[in-house]
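Structure first, commentary second.
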Amino acid sequence: MTMANITINGQKISAKAGITVLQAAREAGIDIPTLCDHPALSPVGACRMCIVEIKGQRALQTSCTFPVIEGMEIQTDSKMVTDARKLVLDMIFSERNHFCPYCEMSGSCELQDLGYRYHVDHWVFSTYTKAFPLDATHKYYLMEHNRCVLCGRCIRACDELVANHTLGLGQRGSESMVRADANIPLGESSCISCGTCTQVCPTGALFYKRSAFMGKDSLTQKVKSTCNQCGVGCGTEVVTRGGNVLSILGDWDAPVNKGLLCKMGRFEPLYDSRKRLTTPLLRTKGKLKEISWEEAIQTLAKQINTVKASEIGVLSGSYSSNEALYLIKKLFNEKLQVSNIGLTNTVAPRIFDKVQSKLEDIAQSDIILVAGSDPLNDQPVASFIIKRAVDKGARLIVVDDKKNGLAPFAFMNVDMADISKAVEVAKRANNPFILYGAGITKTAIAELKKLKDKANYIIVESGVNTVAAAALGLNNGYNPSGLKLLYVLMGEQNYEGADLLKGIPKNAFIVAQASYLSPLTERAELVLPAAIWSEQNSSLTNIEGRIQNINKAVEPAGDAKPDWEALQLLSAELGKNIAVSIDKVSAEVMKSLK
Ligand code: SF4
Ligand code: SF4
Ligand code: SF4
Ligand code: FES
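Everything in the sequence shown is counted per the numbering used here, starting at 92 for the first residue and increasing by one.
This is the structure in structure tokens:
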């Protein structure tokens with residue numbers, strides 16, 4: 092890589108040629124204020140906060156767009172620069188309504204921080220009194236146009252990161268406004284509620300309704316964790332105050348999603364209205380009655396000891412953590428010799444012998460073939476990555492017999508029976524990428540194998556922790572007939588009653604370890620309350636095979652316990668002490684993924 096020798100504020104620096112002056116300054120630990128710039132977005136040079144003096148240039152230059160050139164001499168804090176920045180701020184504060192005390196973002200606003208830094212303590216210019224509208228039509232966030240500084244971060248986030256292209260700039264000059272689609276209310280627009288625009292907004296123009304007016308940044312705590320709503324496993328920051336979860340943000344440092352989240356990960360867990368289970372319950376005289384954990388575990392151990400291994404069945408829901416699945420395997424399968432163990436969702440077949448690729452590798456492909464899975468609806472952040480690649484010129488082929496969310500973005504849509512046509516096109520590509528799920532047929536498997544020497548691939552498993560469950564061999568077929576005891580590790584999974592209870596003998600003793608009340612817990616003899624995503628330390632394996640931590644952000648509701656903790660208590664009661672640690676689980680999962 093060519094390096095350039097430059098000087099910033101008299102300090103000699105060696106910087107990669109071609110990066111911007113702003114990047115070079117940041118790498119050298121020199122702070123330059125910014126407003127429209129965001130590390131995840133392309134620079135546009137719109138706000139002029141980052142201006143610097145460059146020797147030989149007639150005017151001040153925006154450091155976020157100016158490239159590093161050998162020998163350049165830069166001043167980031169000269170009087171000329173700071174006076175010009177103050178002027179920019181005076182103008183921004185004079186436009187629209189920036190009465191900070193009435194703004195939800197006061198105390199957590201980048202514009203306000205700049206105001207303090209450059210001593211903006213009064214209006215230099217007469218204020219602009221036109222009132223702009225407030226758009227409160229979106230379910231999850233609010234657009235207050237009066238606080239907008241037209242930095243365009245939201246527009247670039249929707250275009251460049253989410254590839255949804257909902258936002259744009261409408262009108263001209265002082266009338267300019269961020270608008271959705273053809274200037275329609277956000278709640279009626281093509282917005283898919285990923286919330287990324289709101290996360291990147293530097294002011295109080297876009298903010299989340301659920302956490303509005305609940306406290307500025309300095310009053311909240313942030314815990315890095317992993318989203319458990321699908322198999323992508325996006326990195327999150329869980330924002331809490333006083334033991335309550337206020338919001339979920341995308342973690343910009345997370346390797347899988349690099350800051351992005353979808354509606355399921357960012358918003359839906361905060362709006363969950365299902366009824367929580369908070370105490371162990373035992374059916375007594377036909378009714379579920381509260382009992383202690385001690386009684387619950389003793390009752391369960393006694394039941395297990397009264398039946399044969401062949402009369403026990405175990406079903407795992409897709410939210411179960413690596414640790415819980417590991418304990419299911421060790422306790423039920425290895426120690427108690429139970430073989431009737433299954434999953435509530437279907438596992439896709441492994442059809443290639445090579446190691447899976449990463450989602451970020453999709454960016455390098457020229458043909459993307461999606462077969463038997465619907466990432467747009469089931470693994471949304473993966474679909475953002477696919478749509479981004481399509482925006483940059485990759486061609487998408489969708490093979491599905493069902494309605495597929497990615498179909499409108501594909502240049503070719505075929506039924507599963509015609510997959511050979513898709514494979515023929517993919518063969519001609521330089522760098523094809525296959526994403527397939529449990530919906531592929533035997534014919535499709537044979538066809539996809541023809542691309543084995545050429546294509547990169549990812550198995551887009553349904554559910555959440557399906558990769559780990561399959562790796563631990565917990566999908567070897569479950570049969571409800573003849574069961575005397577069924578242990579269901581339901582966790583947070585949404586339960587549709589009929590299918591799961593089908594075929595289970597009427598007198599079977601059902602144990603439901605679950606977070607929410609459902610027809611399953613209503614039918615169970617024993618209910619063990621399970622901690623949810625924000626209430627436990629555990630880990631998940633994502634569709635790429637990455638093992639990622641879930642970190643506890645708040646205390647469990649009532650007496651709920653993480654699944655792995657309840658399983659450890661049960662192991663101890665049965666005299667089969669089993670130690671579980673992230674290292675042990677990782678080693679076991681990784682062994683079978685290779
Ligand atoms: S929430 Fe997502 S899809 Fe909707 S406008 Fe914002 S960035 Fe675009
Ligand atoms: S809404 Fe926020 S991010 Fe979008 S242009 Fe306005 S200030 Fe910038
Ligand atoms: S794509 Fe999946 S893991 Fe990522 S935020 Fe959405 S639901 Fe969560
Ligand atoms: S941050 Fe450089 S112009 Fe806005």
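The beta-carbon is built from N, C-alpha and C at its ideal position, and this holds for glycine as well.
Every value quoted in this text rests on a predicted model; they were computed, and no experiment measured them.
For residue i, name the three-state secondary structure that DSSP assigns.
i    : result
V481 : helix
V211 : coil
E402 : helix
T370 : coil
R301 : coil
F600 : strand
Q102 : strand
L608 : coil
T218 : coil
K420 : helix
M92  : coil
I641 : strand
Q394 : helix
E414 : helix
I388 : helix
K107 : strand
Y193 : helix
R519 : coil
P360 : helix
K512 : helix
K426 : helix
Y678 : A quick correction: the sequence has Ala, not Tyr, at residue 678. DSSP places A678 in helix when its eight states are reduced to three.
Q659 : helix
F524 : strand
E583 : coil
L205 : helix
R614 : helix
S199 : coil
K307 : coil
Looking only at its chain, what residues have a beta carbon closer than 7 angstroms to the beta carbon of residue i, apart from the 5 residues adjacent to it on each side?
i    : result
Q455 : N522
C288 : C245, A248, C249, L258, L297
E646 : G334, E626
V516 : I458, I488, M503
T167 : I99, N100, A116, I121, I123, V143
Less than 8 angstroms separating the beta-carbons of residue i and residue j?
i    : j    : result
D452 : F524 : yes
Y569 : G433 : yes
L565 : I419 : yes
E414 : W655 : yes
A562 : V680 : yes
I673 : S630 : yes
T369 : A651 : yes
A392 : L617 : no
L591 : V602 : no
V490 : I510 : yes
C155 : H229 : no
V551 : A485 : no
T435 : Q584 : yes
N424 : I403 : no
A559 : L372 : no
A400 : L422 : no
S553 : Y586 : no
Y527 : L539 : yes
R238 : N188 : yes
What does a CB cutoff of less than 6 angstroms around residue i pick up in its chain, not counting 5 residues either side in sequence?
i    : result
L352 : C325, G341
S383 : none
A95  : A106, A108, V159, E161
V253 : C285, T287, F475
Apart from the five residues just before and just after residue i, which ones in its own chain have a Cβ nearer than 8 angstroms to its Cβ?
i    : result
T98  : I104, M163, E164, I165
I536 : P440, I442
C693 : This structure cannot settle anything about residue 693, because the visible part of the chain is limited to 92 through 685.
V330 : S302, T311, Q312, K313, V336, L337, S338, I339, L340
D308 : G198, S199
I641 : S316, T317, N319, S412, W624, Q627, N628, S629, S630, L631
Can we count residue i as close to ligand 6, meaning its CB is less than 7 angstroms from some heavy atom?
i    : result
F502 : Ligands in the displayed structure: ligand 1, ligand 2, ligand 3 and ligand 4; ligand 6 is not one of them.
>> As an exercise, report each continuous beta strand (DSSP E) stretch of at least 3 residues that is fully enclosed by the segment 224-293, in chain order.
In response: Qualifying beta strand (DSSP E) stretches, in chain order: 232-235, 258-261, 268-271.
>> As an exercise, report each continuous alpha helix (DSSP H) stretch of at least 4 residues that is fully enclosed by the segment 449-508, in chain order.
In response: Entirely contained in the segment 449-508, the alpha helix (DSSP H) runs reaching 4 residues are, in chain order, 466-469, 471-482.
>> Which runs of the beta strand (DSSP E) at least 3 residues long sit entirely within the segment 533-581? Give them in chain order.
In response: The segment 533-581 contains, as complete beta strand (DSSP E) runs of 3+ residues, the segments 547-550 (chain order).
> Quick one: complete beta strand (DSSP E) runs, 3+ long, within the segment 114-176?
Replying inline: Whole beta strand (DSSP E) segments, 3+ residues: 142-145, 164-166.
>> Quick check on the contact list: which residues have their beta carbon closer than 6 angstroms to a heavy atom of ligand 3?
In response: In chain order, the residues positioned with their C-beta nearer than 6 angstroms to some heavy atom of ligand 3 are C318, Q320, C321, V323, G324, C325, N348, L352, C353, M355, G356, Q470, P471, V472.
> So which residues put a beta carbon under 6 angstroms from any heavy atom of ligand 4, going in chain order?
Replying inline: Answer in sequence order: T125, L126, C127, D128, G136, A137, C138, R139, M140, C141, T153, C155.
>> Please enumerate, following chain order, all residues with a beta carbon closer than 6 angstroms to at least one heavy atom belonging to ligand 1.
In response: Residues flagged by the Cβ proximity filter: A248, C249, V253, N255, T257, L258, C282, I283, S284, C285, G286, T287, C288.
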